[in-house]
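To start, the structure itself, in structure tokens.
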Amino acid sequence: MIEIKHLKTLQALRNSGSLAGAAAALHQTQSALSHQFSDLEQRLGFRLFVRKSQPLRFTPQGEILLQLANQVLPQIARALQDCNEPQQTRLEAGYRMSQLYSVADAGAGEFPRPLATCGGRLPFRRYLRPTACAAAG
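Heads up: the sequence shown is residues -3 to 133, going by the numbering used here.
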């Protein structure tokens, strides 16, 4: 299974042009990154790039996964940014209008005229903004 870190590593490899450069950009040793690629290639069943080539060349499969990384990683970054902006979040709560009337009104079995024409129900939406306390909790 390919993970987000693998996609980021493929991008670093493309940007740097070498395994050593990608390792430095990702704050890893070249050996650790090489092992990560070897393990991934073994699980996938194909090579991602041609080793010991100058400049570094991706295999056709590696190019496909690099294209995936270029599409998916920006989408993930945008989604995470949206998740971290609580002022953009909208909370919807629905209420029945009958719940807003007192027990005495409900006991009398009478609804105001507009509600009677709606079969006793009227959709009601209320938009709430999250507060700092709600966002933290």
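Idealized CB from N, CA, C, for every residue including glycine.
Give me the Cα-Cα distance between Ala73 and Leu52, rounded to the nearest whole angstrom.
Numbered from 1 along the sequence shown, position 77 holds the residue referred to as residue 73. Numbered from 1 along the sequence shown, position 56 holds the residue referred to as residue 52. When rounded, the distance between both Cα atoms is 27 Å.
Reducing DSSP to helix, strand and coil, say where Arg10 ends up.
The sequence position of residue 10 within the sequence shown is 14, counting from 1. Look at Arg10 here: in three-state DSSP terms it is helix.
Beta-carbon contacts of Gln26 that lie in its chain and below 7 Å, excluding the five residues immediately before and after
The residue you call residue 26 lines up with position 30 of the sequence shown. Excluding residues within five positions, the ones whose Cβ falls inside 7 Å are Leu15, Ala16 and Ala19.
Opposing strand residues paired with Arg53 [DSSP bridges]
Counting from 1 along the sequence shown, the entry for residue 53 is found at position 57. Bridge partners of Arg53: Val46.
Hey, quick one: how far does the alpha helix (DSSP H) through Gln24 stretch, first residue to last?
The count along the sequence shown starts at 1 and reaches residue 24 at position 28. Segment: none, Gln24 is in no alpha helix (DSSP H) and carries neither H nor E.
Considering only residues of the same chain and omitting the five flanking positions on each side of Leu3, which have a CB-CB separation below 8 Å?
Mapped onto the sequence shown, residue 3 falls at position 7. Closer than 8 Å at Cβ, skipping near neighbours: Leu61, Leu64, Ala65, Val68 and Leu69.
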